[in-house]
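In the numbering used here, the protein residues as written are -6 to 398.
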Amino acid sequence: MSWTGFGKTNSAEDRLFFWKDPFDLAGSGGVFLEAVRENLCWHKSRCARYRDILDFYGFSMDQIKGEADLWKIPVIPTLYFKRHRLYSVPKNKVRRTAVSSGTGGIRSRVVYDFPSLVRGAAMVKTVLSHHGVFSPVPCRYLIMGYEPRPREETGAVQTAFGATFAAPALSRVYGMKLTEGEKEAYRWNPEEMERELFPYLSGRPSSAIPLRIVGFPAYIYFLAKELERRKKRLTLPASSCILMSGGWKTFWREEIGREEFDRLAKQVLGIPKDRIFEFYSSVEHNILYRRCPAGHFHVPVYSRVFVRRPDTLEPVPDGEPGILSFVTPMMTGMPLLSIMTDDLAVMGRPETGTACPCGCRTPYFDLLGRAGVGQIVTCAAGAAERLKEAVGGENRKGGAGSEME
């Protein structure tokens, strides 16, 4: 691996993440496989525990003859990263840390070295430019989420704040605001939100400044329902938009269908369907997948997606539900090459007769929700226990960066 400068590199990993067309899977396929090999060798040589995992499963890169074999790379459940640490760089090489929102105080902690940050930035720029999210027109931001703390590490908060750089920010108003004098305390922020929305209320002169609403779908839905309850409507400039990700999480009982969400967005918030940008990503897999107008998340050049059987972890046929997993060579700080989520999904692809009407010709996945408790125990938790066996317990040491000491 040889990173020589922003956009100038000899490594396949960097060439892949500077690919001009984010959906040119055919043209970038050879580079992707080469990048996967580089990434695997990097982590195997620098993270002793990851090397133990590969050896435990008897895996070698010789087993990968083509993209169809990538699922054979030993997969690590995101659940494993919530309790264990796998690092491939020493502490002085870490440039950024991101933690998952977590439940019950259990969080994944992901570290980025400088090359990983550069690749991630290049990917975000290419994907957002492709979808028309970047704009030179200044706008106001209403972030339906948490105001960042100093040295913020929560991935969802970092992502929401990062989204406000896609167009110049004249203002940033947060639904949950930090309370002055109380460390890590938040309060609901209705006063500032109402002031931000006041110029756009129906019946008043419409502001010429675009508004971008950023955050979780659930929070944006609650905002729209509250405005609807008050019989209020927003009149927004045409370049306004919604940028959302993260799913409904703890609000899954309130989740509504996409048609109802689109109706509320248009009738109450004044934002049409084609200006709603919904993305899927996670702390452990920070690749951007945009939901297309047909409702599918298409696979970009930076990753490959597999939907696995809960019992054998083998890929299921397209159209059958299973556990969503990813392969990407983006990260060098941690071995996140092949990871498995606790999301249920189905796959579709043009070559199997399920072409997407949006026109994008890459494979896609549809989310079905979180896996049930029984499925998590069988699949993710079971695999995590196996990995614990592979590394010989939590006290094992050895290998540069495996404990980040």
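Built from N, CA and C at the ideal position, the CB exists for glycine as well.
| Asked | Found |
| --- | --- |
| Test: I235 CB closer than 9 Å to a CB of chain B | In summary, chain B is missing from the structure at hand, where a single protein chain is found. |
| Buried or exposed by the 16-neighbour rule on C-beta atoms within 10 Å, applied to E387 | Model confidence at E387 stands at a pLDDT of 45, short of 50, so the residue's coordinates are unreliable; what they give is reported in the following sentence. By the 10 Å Cβ count, E387 comes out exposed. |
| Exposed unless 16 or more other CB atoms sit within 10 angstroms - verdict on E313 | exposed |
| Spatial distance of K58 from E27 (CA atoms) | 11 Å |
| Buried or exposed by the 16-neighbour rule on C-beta atoms within 10 Å, applied to A217 | buried |
| Coil, strand or helix - W181 by DSSP | strand |
| Buried/exposed call for V130, threshold 16 Cβ in 10 Å | exposed |
| Contact under 9 Å by Cβ, H278 with C351 | no |
| Cβ neighbours of S128 in the same chain (closer than 6 Å, five flanking residues each side left out) | A160 |
| Nonlocal neighbours in the same chain, by C-beta distance under 7 Å from P67, ignoring five residues either side | I46, L47, Y50, F52 and S331 |
| Residue range of the beta strand (DSSP E) that includes E219 | Premise fails: E219 lies in the alpha helix (DSSP H), P210 to R222, not in any beta strand (DSSP E). |
| Rounded straight-line distance, which links the Cα of I269 to that of M327 | 33 Å |
| C349 (DSSP reduced to helix, strand or coil) | coil |
| Nearest neighbour of D255, chosen from E247, Y273 and P286 [CA to CA] | P286 |
| At least three beta-carbon pairs within less than 8 Å, the region 295 to 310 to the region 225 to 243 | no |
| Identity of the residue in E252, V276 and V298 nearest S318 by Cα | V298 |
| Same chain, Cβ closer than 8 Å to P230, five either side skipped, listed in chain order | S199, S200, A201, I202, P203 and L204 |
| According to DSSP, residues forming a beta bridge with D17 | Note: D17 sits in no beta bridge, so no partner. |
| Rounded separation between F404 and S233 - CA only | As displayed, the chain neither begins before -6 nor continues past 398, which places residue 404 out of reach and without an answer. |
| DSSP state of C34 mapped onto helix, strand, coil | helix |
| Residue range of the alpha helix (DSSP H) that includes I46 | A41 to F49 |
| Per DSSP, the bridge partner or partners of K170 | R180 |
| Those residues which DSSP pairs with L135 across a bridge | V166 and I206 |
| DSSP beta-bridge partners of V418 | The chain is shown only over -6 to 398; residue 418 falls outside these bounds and no answer can be derived. |
| Candidates L257, M116, D106 and T147, of which the one nearest V92 by Cα | T147 |
| Alpha-carbon to alpha-carbon, R102 and N85 | 16 Å |
| Cα-Cα separation between F209 and M116, rounded to whole angstroms | 22 Å |
| Nearest candidate by alpha-carbon position, reference D336, set L18, E60, K37 and T71 | T71 |
| Of the listed residues F158, R188, D62 and A5, nearest to C34 (C-alpha basis) | A5 |
| C-beta contact flag for P141 and V150 at 9 Å | yes |
| Burial state of Y43, where buried means 16 or more other Cβ atoms lie within 10 Å | buried |
| Bridge partners - R301, DSSP secondary structure assignment | P308 and I316 |
| C-beta contact flag for D7 and V111 at 9 Å | yes |
| Contacting residues, own chain, Cβ-Cβ under 6 Å from T172 (five flanking each side not counted) | A178 and R180 |
| Own chain partners of R363 with C-beta closer than 8 Å, once the 5 adjacent residues on each side are dropped | W245, D335, D336 and L337 |
| Cα-Cα separation between M333 and F215, rounded to whole angstroms | 31 Å |
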